[in-house]
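Colleague: Add 21 to the 1-based position in the sequence shown for the numbering used here, that's all there is to it.
Ideal Cβ placement from N, Cα and C applies to all residues, glycine included.
Treat the numbers as computed from the prediction; the structure is a model and nothing was measured.
Can you keep this structure in mind? I'll have questions shortly.
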Amino acid sequence: MQLFLRKNAKLKRLPDYIIVEGPLAGGHLGFGMDWAKFDLQPIVEEVYQYLKSEQLDIPLIAAGGIFTGGDAVAFLEAGVAAVQVATRFTATRECGLPPDVQQEYFKASERDIEVNTISPTGYPMRMLKNSPAIGDGIRPNCEAYGYLLDGAGHCAYITAYNLALGPHANAKKKAKHLSVMDKTCLCTHMRNFNCWTCGHYTYRLKDTTRRLDDGSYQVLSAEHVFRDYQFSTGQNILLPD
Ligand SMILES: Cc1cc2nc3c(=O)[nH]c(=O)nc-3n(C[C@H](O)[C@H](O)[C@H](O)COP(=O)(O)O)c2cc1C
């Protein structure tokens, strides 16, 4: 963003919109491990004021931790054109997450969520601490996926795996139970729904639904969540029937 907003920069074309994603967003963060020092609202305000002062008519979209209709209204009143939300929709039938993983999201408390550095992309990543992907020393699966390989065929997970393999390189049996803590084989674990990336407020999902007789949480419809964002007032959240 800095690049195209640099003062006096000659732009061929203005961007259609700008999304400002804050530190409470899901998955990979555009912040360092000091993400907790930052807050979405003042960042959005600064960008909004800058666009206004430069008379740049570019819709601004705020994202990250906008959990209720009231949160959304506050940003819209502060001038953004739209909000982008995700966490609330992870607990819906239309979301591609397997039902057992959705229950893990519902069950999570705040202390069950962490931002760590195991993504081979190099960006900090937020996830549930009980993700099967954490510490799993699976053999790199780049033949099948390999989305993260760089031009020279490297991925930070391969390096971490080889380091952990070290003395077991020729002892396949022992290597089977290898633990790699430093990085994760992101492609494989994402593909298998074993890397439970999530938003900061995932621990509040349980407050958006009802507990069923068998102890599980009721999965919502996307329409229900959408309507709640549109029509709820203040910090209220509409529970399902
Ligand atoms: C489970 C999950 C994983 C996500 N992973 C990524 C990601 O890897 N990279 C990214 O830029 N945004 C990711 N997002 C962020 C969304 O694009 C979105 O902007 C953000 O989560 C909105 O905040 P909210 O989830 O608090 O509503 C993810 C969101 C969720 C819910």
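Using DSSP with H/G/I as helix, E/B as strand and the rest coil, what is residue 22?
Modeller: Annotation note: pLDDT 40 at residue 22 (below 50); position unreliable, coordinate value reported separately. DSSP places residue 22 in coil when its eight states are reduced to three.
Colleague: With DSSP as the reference, label residue 210 as helix, strand or coil.
Modeller: Three-state DSSP puts residue 210 in a helix.
Colleague: For the beta strand (DSSP E) containing residue 57, name the first residue and the last one.
Modeller: Element bounds for residue 57: n/a, residue is neither H nor E.
Colleague: Excluding five sequence neighbours on each side, which residues of the same chain lie with their C-beta closer than 8 Å to the C-beta of residue 157?
Modeller: Contacts found: 200, 201, 205, 206, 210, 215.
Colleague: Compute the Euclidean distance between the alpha carbons of residue 23 and residue 231, then round it to the nearest angstrom.
Modeller: Because the pLDDT at residue 23 is just 38, under 50, the model does not fix this residue reliably, and the value given afterwards should be weighed accordingly. If I take the Cα positions, the gap works out to 44 Å.
Colleague: Does the stretch 104-114 touch the stretch 138-155, meaning 3 or more C-beta pairs lie closer than 8 Å?
Modeller: no
Colleague: Applying the criterion that 16 or more other CB atoms from any shown protein chain within 10 Å of the CB defines a buried residue, is residue 74 buried or exposed?
Modeller: exposed
Colleague: Please state if the CB of residue 124 and the CB of residue 237 are separated by a distance shorter than 8 Å.
Modeller: yes
Colleague: Measuring alpha carbon to alpha carbon, tell me which of 250, 95, 220 ends up nearest residue 130.
Modeller: 220
Colleague: With a cut-off of 8 Å, do at least 3 Cβ pairs link the stretch 75-83 to the stretch 99-107?
Modeller: These segments touch.
Colleague: Excluding the five sequence neighbours on either side, which residues of its own chain have a C-beta within less than 7 Å of the C-beta of residue 212, listed in chain order?
Modeller: 166
Colleague: Consider the C-beta atom of residue 106 and the heavy atoms of ligand 3; say whether any pair is separated by less than 7 Å.
Modeller: Ligand 3 is not part of the structure shown, which contains ligand 1 as its ligands.
Colleague: Smallest Cα separation from residue 321: which of 259, 228, 247, 217?
Modeller: In the structure displayed, the chain extends from 22 to 262; residue 321 sits before or after that span and is not available.
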